[in-house]
Amino acid sequence: MEALSKQNTLKRSISLPLICLYGLGNILGAGVYVLIGKVAGEAGNLAPLSFFLASLIAGITAFSFAELSSRYPLSAGEAVYIQKGFGIRQLSLTVGLLIVATGIVSSATIAKGFVGYLDVFIQLPDWAVICALLCLLALIAIWGISESVLAAALFTLLEIGGLLLILWVAAPAWEQLPSRLSEEGPNLSSASLGGLFSGAFLAFYAYVGFEDMVNVAEEVKDPRRNMPIAILLALAVATVLYILVAISSLLVLSPAQLSQSDAPLATIYESITGTNPWLISLVSLFAVINGALIQIIMGSRVCYGLSQQNWLPASIGKVNSKTRTPINATLIVSFIILLTALALPIDTLANTTTYLLLIVFSLVNAALLRIKLGKGEQDEEGDGPLTTEVDDFYQVNIAIPFFGFLICILFLLGQTLSILLS
């Protein structure tokens with residue numbers, strides 16, 4: 004009986020280094036290879052400061068996720084956090100489905116982006132490329148969590164390698180940094196500060212991804228210790244890479260040149276070396292694959308977690324005894340991603356993702372605030388997997404979720420105002 008029970012649960016096999024790389028790959032994603040140029044277009048030479056400011060804003064919510072993932076190391080993490088904070092199952096289910104929706108929309112966006120990168124090497128029908136890519140990634144996700152996360156970790160190392168390559172070829176340009184700083188420093192104005200904050204608003208989305216890490220918590224070894232470390236370490240490494248790459252980019256190209264390029268890092272490489280940037284383009288392909296794979300894993304684990312709480316049919320979250328993965332959930336998520344990728348344009352997909360995530364971040368911060376004030380749901384008999392309250396978990400100051408909630412609400416209002424005025 005014990006062996007049967009063990010077969011029907013997820014396999015706890017992800018080490019601290021692997022969960023760090025998994026999270027880092029999700030944060031970096033394919034966006035870093037495009038977003039640097041867009042941020043430079045808004046902030047100009049202050050783009051590195053925009054990334055730093057955005058990291059502080061994202062970091063506050065990341066600290067809230069760090070505590071909650073240590074308190075409740077469960078799949079469907081955000082839905083569980085909302086349930087513990089508000090005690091409203093309909094709201095918890097809605098948040099869980101919102102997270103699945105963001106994963107589906109994000110992965111569909113990435114799958115469509117993959118077609119563009121592949122066109123550099125070979126041109127094939129869009130539908131055929133998207134179908135083949137998602138079938139391959141679904142098979143990897145079904146194969147096993149150890150294999151899936153190992154593949155994601157290897158792709159992440161390739162992504163980091165691409166960024167380090169840019170830093171290496173741009174290293175001679177760093178000699179200009181002291182003189183460029185002396186030129187830029189005295190020229191700060193209200194306009195440039197406005198660009199700084201606009202750039203930070205845009206750069207904030209480059210840090211999205213840490214929240215997905217909590218949804219594999221049931222497969223992480225010693226999650227109460229390792230989850231907070233992994234979330235904060237992944238965000239810190241991403242911040243350092245973003246700032247260094249932003250500085251290097253601005254030392255090689257002007258903000259206008261960066262903003263006009265659809266592949267700014269490839270443009271930088273070509274500008275410095277005078278050679279075809281096929282290597283950076285190839286790394287971009289792997290970055291895209293990694294982002295889509297992680298979203299499929301995340302979406303299937305949220306569906307599994309929701310079924311464990313009896314909020315979705317048990318058949319959706321059924322774990323295969325051989326692979327120890329939720330095959331039905333993985334197939335459902337992959338199929339919906341395929342339909343979404345074939346039906347909707349990229350700009351609609353991207354805008355939807357960011358808006359949904361800000362809503363979730365606001366609710367998660369509010370949930371932690373209520374829990375720390377003693378107003379959250381108390382564990383009751385019959386709660387099943389929700390009954391995990393222990394004393395030995397990572398904790399943050401109560402000011403963290405308060406300011407996290409406030410900042411996310413301000414971002415939501417800003418995003419809404421931007422949509423209404425556009």
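Position 277 of the sequence shown, counting from 1, maps to 280 under the numbering used here, and the rest follow consecutively.
Where is the CB? At the ideal position from N, CA and C, for every residue including glycine.
N- and C-terminal bounds of the alpha helix (DSSP H) containing residue i
i      : result
Glu81  : 80-89
Met301 : 281-311
Ala141 : 129-146
Ser333 : Per the sequence shown, the amino acid found at residue 333 is Thr instead of Ser. Looking at the DSSP string, the run of the alpha helix (DSSP H) that includes Thr333 is 330-346.
Tyr210 : No alpha helix (DSSP H) contains Tyr210, which DSSP labels as neither H nor E.
Gly119 : 92-121
Glu70  : 50-74
Thr326 : First-last for Thr326: undefined, no H or E at that position.
Ser262 : 258-263
Pro267 : 267-276
Cβ-based burial, residue i [other Cβ within 10 Å; buried from 16]
i      : result
Val243 : exposed
Cys411 : buried
Asn293 : buried
Trp314 : buried
Lys23  : Note on identity: in this sequence residue 23 is Cys, with Lys being the wrong assignment. So Cys23 counts as buried.
Ala295 : buried
Phe124 : exposed
Gly106 : buried
Pro280 : buried
Leu13  : buried
Ile91  : exposed
Ala220 : buried
Pro51  : buried
Ala369 : buried
Leu142 : exposed
Thr390 : For Thr390, the pLDDT reaches just 46, beneath the cut-off of 50, and the residue's location in the model is therefore unreliable, leaving the point undetermined.
Alpha carbon of residue i to alpha carbon of residue j, nearest angstrom
i      : j      : result
Gly116 : Lys378 : 44 Å
Leu31  : Tyr208 : 10 Å
Glu273 : Ala176 : 15 Å
Ala346 : Leu376 : 45 Å
Phe406 : Arg228 : 24 Å
Leu309 : Ser53  : 37 Å
Pro388 : Val291 : Residue confidence for Pro388 is low, a pLDDT of 45 falling below 50, so the modelled location carries little weight; the figure read from the coordinates is stated next. Approximately 34 Å, taken between the alpha carbons.
Ile102 : Val305 : 8 Å
Gly47  : Phe200 : 11 Å
Gly417 : Pro76  : 32 Å
Phe414 : Ala155 : 30 Å
Phe338 : Val83  : 25 Å
Gly165 : Val118 : 20 Å
Asp129 : Val336 : 20 Å
Pro226 : Arg183 : 45 Å
Leu409 : Ile362 : 12 Å
Leu235 : Glu214 : 11 Å
Ile39  : Leu282 : 18 Å
Gln311 : Ser18  : 23 Å
Ala259 : Gly26  : 32 Å
Thr419 : Lys325 : 47 Å
Phe364 : Leu94  : 14 Å
Val248 : Asn323 : 43 Å
Counterpart residues of residue i in DSSP-defined beta bridges
i      : result
Val223 : Ile17
Given residue i as reference, the closest of the options once Cα atoms are compared
i      : options                        : result
Ile113 : Ala131, Thr12, Ser287          : Ser287
Gly212 : Pro181, Leu372, Leu199, Ala239 : Ala239
Ala73  : Asn331, Leu256, Met216         : The amino acid at residue 73 is misidentified as Ala; the sequence shows Ser. The option with the nearest alpha carbon to Ser73 is Met216.
Leu196 : Leu49, Leu247, Leu13           : Leu49
Glu178 : Leu161, Val255, Ala155         : Val255
Lys41  : Leu184, Asp265, Leu153, Ile125 : Asp265
Asn29  : Met301, Tyr397, Gln86, Ala203  : Met301
Ala43  : Ile250, Ser318, Asn323         : Ile250
Arg327 : Phe408, Leu341, Ile148         : Ile148
Tyr210 : Tyr245, Glu222, Trp171, Leu24  : Tyr245
Asn367 : Gly88, Thr12, Lys14, Arg15     : Per the sequence shown, residue 367 should be read as Val rather than Asn. Selected option, being the one with the closest Cα: Gly88.
Ala104 : Leu121, Ala79, Val35           : Ala79
Arg15  : Ala203, Thr97, Gly99, Glu222   : Glu222
Val399 : Gln311, Ala57, Leu71           : Leu71
Asp395 : Arg373, Ile401, Pro231, Ile125 : Pro231
Leu285 : Leu121, Ser110, Leu56, Gly90   : Leu121
Ala344 : Leu359, Pro20, Val108          : Val108
Ala58  : Leu168, Ala174, Ala241         : Just to set this straight, residue 58 is Ser in the shown sequence, not Ala. Of the candidates Leu168, Ala174, Ala241, the one whose C-alpha sits nearest the C-alpha of Ser58 is Ala241.
Asn218 : Leu372, Val98, Ser318          : Val98
Ala206 : Cys134, Glu45, Leu372, Pro404  : Glu45
Ile60  : Cys134, Leu100, Trp171, Ala203 : Ala203
Phe158 : Leu423, Ala317, Ile297, Gly320 : Ile297
Trp171 : Val152, Ile271, Ile401         : Ile271
Leu404 : Gln126, Leu153, Leu371         : Here the sequence assigns Pro to residue 404, which means Leu is not the residue at that position. The shortest Cα separation from Pro404 among Gln126, Leu153, Leu371 belongs to Leu371.
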